[in-house]
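My numbering applies: residue 76 is where the sequence shown begins, and numbers increase by one.
Here a beta-carbon is modelled for each residue, glycine too, at the ideal position from N, C-alpha and C.
This one's a predicted model, so the numbers in the text were calculated from it and none came from an experiment.
Since the structure comes first, as C-alpha cells, the remarks are kept for the end.
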Amino acid sequence: MNRDNLDDILVNYAEILHRDEILNQEIASISDRISKRIKVCENTMQILDNATVEFNNLTSILNKKDIPFFVFSVLLQGCIKYVIKVLSEISDKEIAKRTPFHQDEKSNRQGTLYYTSREEIISNPVPFDAIQKEHNNKWYKDNNQIRPGFSGFNHRVTALGHDPLLGIVIGTANIMTSTITRNDFVCWHINTIAHLRTAKNGGEYFAYLDTVCDRANIIEIFKSIANRIEQEGKEGWITLGTALLKEIVHLFSDLPSKQGLPIPIISTFSPELARTLSFYGLNTSTITQGGFATIFINWLIGFLHRLCKNENEDEKLYMVRTKKIIMYSDILSTVSDIGYSMFTAYMGDKNTMRKFDLGGYLVTLYQICHSSNVISEIEREFYTKRIIEELKKTV
Numbered sequence: 076m077n078r079d080n081l082d083d084i085l086v087n088y089a090e091i092l093h094r095d096e097i098l099n100q101e102i103a104s105i106s107d108r109i110s111k112r113i114k115v116c117e118n119t120m121q122i123l124d125n126a127t128v129e130f131n132n133l134t135s136i137l138n139k140k141d142i143p144f145f146v147f148s149v150l151l152q153g154c155i156k157y158v159i160k161v162l163s164e165i166s167d168k169e170i171a172k173r174t175p176f177h178q179d180e181k182s183n184r185q186g187t188l189y190y191t192s193r194e195e196i197i198s199n200p201v202p203f204d205a206i207q208k209e210h211n212n213k214w215y216k217d218n219n220q221i222r223p224g225f226s227g228f229n230h231r232v233t234a235l236g237h238d239p240l241l242g243i244v245i246g247t248a249n250i251m252t253s254t255i256t257r258n259d260f261v262c263w264h265i266n267t268i269a270h271l272r273t274a275k276n277g278g279e280y281f282a283y284l285d286t287v288c289d290r291a292n293i294i295e296i297f298k299s300i301a302n303r304i305e306q307e308g309k310e311g312w313i314t315l316g317t318a319l320l321k322e323i324v325h326l327f328s329d330l331p332s333k334q335g336l337p338i339p340i341i342s343t344f345s346p347e348l349a350r351t352l353s354f355y356g357l358n359t360s361t362i363t364q365g366g367f368a369t370i371f372i373n374w375l376i377g378f379l380h381r382l383c384k385n386e387n388e389d390e391k392l393y394m395v396r397t398k399k400i401i402m403y404s405d406i407l408s409t410v411s412d413i414g415y416s417m418f419t420a421y422m423g424d425k426n427t428m429r430k431f432d433l434g435g436y437l438v439t440l441y442q443i444c445h446s447s448n449v450i451s452e453i454e455r456e457f458y459t460k461r462i463i464e465e466l467k468k469t470v
C-alpha cells in the first residue's frame, strides 16, 4: 500500500467520523423531540383541563359587559310572555279594534251571487265569521240539504277562511264572493238578513247580520274571480288585493284572541282534532306569537351585543358569549313560564295551556341545540389550538 492510498483512507475515515457525529447529534435531537412530544401526550389531560379553565374564563358572561345584556334579555322575554297572557284574556271584538287597518264593520251586502264590490269588502265583516242560518235545522232535514253547522264555538276550525295557510287563498276568495267554505270544501252564499232580537229592556228589534243562505259551488267561486279580473283588468286586481289584505288583517286580529287560529291544514280532515289541540295550547296562535317574539328578541340582543365588541377581543370567543347570553336568558324565561303555568294549573285555571308560550318554548329548545353545537365546535377548535401550541414548543 503506497502513501497516497493511506492518505485517502485516513481522509475517508475522518469524513465517516464526522458524518457519524452529525448523525448521532440528529438522533439525539430527534430522540429529545420525541421525548418532549411523548411528555405532551402524557400531559394531554392536564393541558385540556387547563384549556377548559381558560376557555370558560374567556367566555364567561359574568362580567360588567354581559350581565346587563342577560338581564335585559330576560326582562324582555318576561314582558312578552306577560303581554301574550294579557292578550289572551281580551275579548275578540276588543282585539279586532286594536288591530292595524281594522275599522268598524256592519253587514250590508247587496246579495249579488259570487260578486262583492270593493266598497262591500271594506265595510262588511269577513263572510266566514257568519254563524247565523237563514233556515232552521228542520228545514235542512226536510229538504234533504246539507246543514252548515257553523257556530261561535266551532267556526274557527270549520270555516277554511280561518286556516292560516288555506285561508290566504280560500278566505280571500270568500271575501271577494260573499261566501263561506267549510272544512270539507262545501260552500254557501252569505247575505245580509234581518234577525229579530230582544233587547235587555224587553223590546224587540231587528239586527242585520251576515247569514248563511243557499249553497254555493267552490269551482264557481274561483271561476267568477278569474272572470272578474279578466273583465275589470286593473280594477279587478285592486279588488283582489283589497280582499287579500282584509284576509291577512283578519287572521292577525284572530291570532291573540281566546280561540286563536288552528294549526294549518288539520281542520280539513279533523276539525275536532284541531279544536282539541287548540284547547291544549297547540295552535298557530300559541306557536307564532311567542315564537316570533322570542326570535326577534334573540336577534336584537345578539345585534346589540355584537356592537359592543372591542377590536382586541377574539371573534369566535365573543360569539360564544353572545350565544350563552341568548341561550341562558331563553332557558330562564321558559323555565319561569313553565313554573307559572304549573302553578296556575294547580290553582284550577283551565286555560293554562292556552296561555302557555309554546312558541317561545320551541325556540328555546332550538337555541339549546343550536347554540350548544356552535359552542362545542368553537371549544374543540380552542383545545386543538392549545395542543398545537404545546407541540410547537417541542420543535
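Buried or exposed, going by whether 16 or more other CB atoms sit within 10 Å of the CB of residue i?
{"i": "residue 395", "result": "buried"}
{"i": "residue 309", "result": "exposed"}
{"i": "residue 155", "result": "buried"}
{"i": "residue 145", "result": "buried"}
{"i": "residue 380", "result": "buried"}
{"i": "residue 222", "result": "exposed"}
{"i": "residue 312", "result": "exposed"}
{"i": "residue 120", "result": "exposed"}
{"i": "residue 45", "result": "Missing from the structure shown is residue 45; the chain here goes from 76 to 470 and no further."}
{"i": "residue 291", "result": "buried"}
{"i": "residue 93", "result": "exposed"}
{"i": "residue 277", "result": "exposed"}
{"i": "residue 267", "result": "buried"}
{"i": "residue 315", "result": "buried"}
{"i": "residue 446", "result": "buried"}
{"i": "residue 132", "result": "exposed"}
{"i": "residue 98", "result": "exposed"}
{"i": "residue 349", "result": "buried"}
{"i": "residue 251", "result": "buried"}
{"i": "residue 433", "result": "buried"}
{"i": "residue 321", "result": "buried"}
{"i": "residue 404", "result": "buried"}
{"i": "residue 201", "result": "buried"}
{"i": "residue 326", "result": "buried"}
{"i": "residue 402", "result": "buried"}
So who's on the other strand from residue i, going by DSSP bridges?
{"i": "residue 266", "result": "286"}
{"i": "residue 255", "result": "263"}
{"i": "residue 280", "result": "272"}
{"i": "residue 181", "result": "The partner list for residue 181 (beta bridge, DSSP) is empty, contrary to what the question assumes."}
{"i": "residue 207", "result": "286"}
{"i": "residue 234", "result": "257"}
{"i": "residue 368", "result": "Partner(s): none; residue 368 has no beta bridge."}
{"i": "residue 291", "result": "262"}
Measure how close the beta-carbons of residue i and residue j come, nearest whole angstrom, since I'm counting them as under 8 Å.
{"i": "residue 416", "j": "residue 153", "result": "So it is not a contact: roughly 14 Å between Cβ atoms."}
{"i": "residue 462", "j": "residue 91", "result": "Going by Cβ atoms, the distance from residue 462 to residue 91 rounds to 41 Å, so no, they are not a contact pair."}
{"i": "residue 458", "j": "residue 126", "result": "5 Å"}
{"i": "residue 427", "j": "residue 419", "result": "5 Å"}
{"i": "residue 283", "j": "residue 272", "result": "No, residue 283 and residue 272 are not in contact; Cβ-Cβ is about 10 Å, not under 8 Å."}
{"i": "residue 399", "j": "residue 136", "result": "5 Å"}
{"i": "residue 299", "j": "residue 393", "result": "Not a contact, Cβ separation roughly 59 Å."}
{"i": "residue 293", "j": "residue 260", "result": "5 Å"}
{"i": "residue 317", "j": "residue 197", "result": "7 Å"}
Can you tell me where the alpha helix (DSSP H) holding residue i begins and where it ends?
{"i": "residue 212", "result": "212–217"}
{"i": "residue 146", "result": "141–162"}
{"i": "residue 384", "result": "Premise fails: residue 384 is in no alpha helix (DSSP H) and is neither H nor E."}
{"i": "residue 347", "result": "346–354"}
{"i": "residue 221", "result": "Note, residue 221: premise wrong, no alpha helix (DSSP H); not H, not E."}
{"i": "residue 340", "result": "No alpha helix (DSSP H) contains residue 340, which DSSP labels as neither H nor E."}
{"i": "residue 324", "result": "309–329"}
{"i": "residue 131", "result": "119–133"}
{"i": "residue 427", "result": "427–430"}
{"i": "residue 136", "result": "That residue, residue 136, is in no alpha helix (DSSP H); it is neither H nor E in DSSP."}
{"i": "residue 198", "result": "193–198"}
* Asked: Is the region 243–255 touching the region 368–387 in the sense that three or more CB pairs, one from each, lie closer than 8 Å?
  -> no
* Asked: Contact between the region 227–241 and the region 133–149: three or more CB pairs below 8 Å?
  -> no
* Could you say if the region 372–392 and the region 333–348 meet the contact criterion of at least three C-beta pairs nearer than 8 Å? => no
* Counting pairs of beta carbons, one from the region 206–214 and one from the region 283–295, are three or more of them closer than 8 Å? -> yes
* **Inter-stretch contact at 8 Å, needing at least 3 Cβ pairs: the region 177–196 / the region 435–451** => For the pair of segments examined, the region 177–196 was found not to touch the region 435–451: the number of CB pairs separated by less than 8 Å stays below three.
* the region 324–331 in contact with the region 356–366 per 3-pair CB rule at 8 Å -> yes
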